[in-house]
Ligand code: HEM
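Residue numbers (this note's numbering), protein chains in the order written: chain A, 121 to 243; chain B, 2 to 327.
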C-alpha cells in the first residue's frame with residue numbers, strides 16, 4: 121500500500137524520542153536485565169537507548185554487525201544470553217504497544233532486533 | 002576553505018567531511034560510535050566560531066547553551082575552534098581576590114571572591130579554585146550573575162581535605178587566588194515558566210541550588226519551586242533564615258529542611274531529603290529536577306526521579322565526588 125519505510129511509518133525521530141524514556145524505564149525496572157544497565161551514566165545510557173531504538177525502528181544508522189559484537193562483548197562476558205535478548209525485545213514491544221503502534225509494525229521492529237541476535241550475543 | 006582548529010593544530014575540512022572525520026583522519030583521538038548523531042559518544046565543545054544547528058540535535062539545553070555539539074554530524078560552513086569536553090586548557094586562569102570569609106555553620110565557609118576579569122557564568126555552575134598551580138578543587142557557585150556583584154562559594158571542610166582545610170584555616174580576606182571556569186550543566190534555563198521545580202541537595206549541595214532558586218525566582222519563574230535540603234542533624238543545615246525569608250517573599254517557593262538523624266525538632270521533616278521529596282511528590286511527570294551533593298544521593302535520586310516519571314532531559318545533576326569537594 122504505502123512506499124513509506126518502517127521508520128517513516130513509525131514516525132521517525134519523533135517516535136524514537138517518544139519511545140526512549142518509556143523503553144528505558146521498562147528496562148531499568150525489568151529485573152531480568154536491569155543489572156546490565158546499572159553502573160553506567162544514565163544520561164549517556166539514554167543516548168545509547170536512542171541509538172538502539174533508531175536501529176530497531178529501521179532508521180538510518182551506521183552500525184555494522186561487528187559494532188554490535190564489540191559493543192556487547194563486555195556484557196556477553198558477564199553472562200548475556202538469549203533470555204536477555206528476549207526480554208529486551210519484549211520490553212520494546214510493550215513500549216510500542218503503550219504508544220499505540222499497530223501490531224503489524226511491532227512485529228517488523230521485533231524482526232529487526234531479532235536479526236541482530238547472533239551479533240549481539242557474539243556467536 | 003573551512004578550517005578546524007583543535008589544540009595547537011589547524012586542519013582543512015574536505016568537502017562533505019564531518020568534524021569527526023576530519024579530526025580522526027588527522028589522528029586526533031575523538032571517541033565515537035554511531036556516526037549518525039544519536040549516541041553522543043563524540044560530544045565536543047566549540048570554543049570559537051558558529052555551530053550549524055543540526056550538530057546540536059538531541060542535546061540537553063544546558064549543553065547547547067555551552068556550545069557542545071556532536072562531531073559526527075557537524076558540517077560547518079565557517080571556521081571552527083573545537084575542544085574535547087575534558088580538555089583542561091580551554092579556559093584561562095583568572096585571578097580573584099578574597100573579599101570575605103564567613104562560617105555558615107561549623108563546617109561550611111562562605112567565600113566571597115572578586116574576579117579581576119569578568120567571568121560569564123550561570124548560577125549553579127562550578128569553578129575550580131587553585132591553592133597552587135597543580136592543586137585545585139571544584140566549588141559550586143551560590144551567587145547569581147545579575148543579582149550578586151561577586152562570586153559566592155560554600156566550602157565544606159572535609160576530613161583531610163587539603164584545599165578545603167587551607168581555605169578554612171589559612172586563606173584570609175585580601176589574598177588573591179587563581180580560579181578557572183565556569184563549568185557544569187546544572188543550571189536554570191528560562192522558559193517553561195510554569196513548570197514545577199524540585200531541588201534536592203545534601204550538605205553544601207545547597208550552594209548551587211541556592212543560586213538556581215534565586216536565579217529562577219528573579220527571572221520570573223511562576224511554577225512551584227520545592228527545595229529539599231538534607232543533613233543528618235540540625236548543625237548540618239544552613240541559610241535556614243535566608244530560605245525562610247524567601248518563602249515569605251515568594252508564594253511559589255517552598256523550603257523543606259530534612260533531617261535523617263534521630264533528633265527532629267518541630268519545623269523539620271524526618272528522613273533523607275530525596276526520600277521526603279519523592280514521598281511528598283510521587284508523580285514526577287513534567288517536573289524539572291536539580292540534584293546536588295553526595296554522589297550516592299544523586300545517583301539514587303536520578304534513577305528514582307526517572308522511574309517516577311521525570312523525563313531524562315529535565316533532570317539536572319551535580320554529584321560532589323570527593324576530589325571535587327575536598
Ligand atoms: C536485541 C538486539 C540489540 C540491539 C540491536 C542492540 C543495539 C545496541 C546499540 C545500537 C547500542 C549503542 C552502541 C553504542 O553506540 O555505543 C547498544 C548499547 C548497549 N546495549 Fe544493546 N542491543 C541489543 C540487545 C541488548 C541486550 C539484550 C542488552 C542487555 C540486556 C543490551 C545492553 C546494552 C548496553 C548495556 C549498552 C550500552 C553499552 C555501553 O554503554 O557501552 N543490548 N545496544
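Glycine residues also receive a C-beta, built at the ideal position from the N, C-alpha and C atoms.
Query, Result
"Secondary structure of residue 103 (chain B), DSSP reduced to three states", "strand"
"Three or more C-beta pairs below 8 angstroms linking the segment 174–188 of chain B and the segment 124–142 of chain B", "yes"
"Where residue 266 (chain B) falls: helix, strand or coil (DSSP)", "coil"
"C-beta neighbour in chain A for residue 36 (chain B), strict 8 angstroms", "yes"
"Residue 219 (chain B) and residue 148 (chain B) closer than 8 angstroms at C-beta", "yes"
"Within-8 angstroms CB hit, residue 183 (chain A) to chain B", "yes"
"Residues sharing a beta bridge with residue 131 (chain B), DSSP", "B:137 and B:179"
"Residue 132 (chain A): CB within 7 angstroms of a non-hydrogen atom of ligand 1", "no"
"Residue 103 (chain B) versus residue 53 (chain B) - alpha carbon distance", "46 angstroms"
"For residue 198 (chain A) and residue 45 (chain B), the rounded distance between their alpha carbons", "31 angstroms"
"Residue 255 (chain B) (DSSP reduced to helix, strand or coil)", "strand"
"Uninterrupted beta strand (DSSP E) stretches inside the segment 207–238 of chain B (no shorter than 3 residues)", "226–232"
"Contacts that residue 243 (chain A) makes with chain B (C-beta to C-beta distance below 9 angstroms)", "The contacting residues do not exist; residue 243 (chain A) stays about 22 angstroms from chain B at best."
"Residue 290 (chain B) to residue 13 (chain B) span [Cα, whole Å]", "42 angstroms"
"Beta-carbon proximity of residue 255 (chain B) to residue 265 (chain B), cut-off 8 angstroms", "no"
"Limits of the alpha helix (DSSP H) - the one that residue 23 (chain B) falls within", "20–26"
"Exposed unless 16 or more other CB atoms sit within 10 angstroms - verdict on residue 209 (chain B)", "buried"
"Three-way DSSP call (helix, strand, coil) for residue 171 (chain B) in this model", "coil"
"Start-to-end residues for the beta strand (DSSP E) that takes in residue 319 (chain B)", "316–320"
"Residues near residue 65 (chain B) by beta carbon distance below 8 angstroms, same chain, minus five either side", "57"
"Beta-carbon neighbours of residue 148 (chain A), restricted to chain B and to distances below 8 angstroms", "304, 307 and 308"
"Where residue 8 (chain B) falls, given that 16 or more other Cβ within 10 Å makes a residue buried", "exposed"
"Nearest candidate by alpha-carbon position, reference residue 322 (chain B), set B:273, B:168 and B:159", "B:159"
"Amino acids of chain B, ordered along the chain, whose beta-carbon sits closer than 9 angstroms to that of residue 188 (chain A)", "Going along chain B, no residue has its Cβ under 9 angstroms from residue 188 (chain A), so there is no contact; the nearest lies around 11 angstroms."
"Neighbourhood of residue 327 (chain B) by C-beta distance below 8 angstroms, restricted to the same chain and skipping five residues each side", "For residue 327 (chain B), the predicted model reports a pLDDT of 38, less than 50, meaning its position is unreliable; a value from the coordinates is still stated below. Hits under 8 angstroms: 138, 159, 161, 162, 163, 164 and 165."
"Coil, strand or helix - residue 11 (chain B) by DSSP", "strand"
"8 angstroms Cβ cutoff, residue 174 (chain A) in contact with chain B", "yes"
"Proximal residues of chain B, C-beta to C-beta of residue 168 (chain A) below 7 angstroms", "40"
"Which listed residue (B:85, B:233, B:198 and B:237) has its alpha carbon closest to that of residue 105 (chain B)", "B:237"
"Closer than 8 angstroms to chain B by CB, residue 233 (chain A)", "no"
"Own chain partners of residue 169 (chain A) with C-beta closer than 7 angstroms, once the 5 adjacent residues on each side are dropped", "140, 143 and 144"
"Cross-strand partners of residue 299 (chain B) (DSSP beta bridge)", "Per DSSP, none; premise fails for residue 299 (chain B)."
"Opening and closing residue of the alpha helix (DSSP H) in which residue 84 (chain B) lies", "No alpha helix (DSSP H) contains residue 84 (chain B), which is instead part of the beta strand (DSSP E) from 81–84."
"Beta carbon of residue 23 (chain B) nearer than 8 angstroms to that of residue 182 (chain A)", "no"
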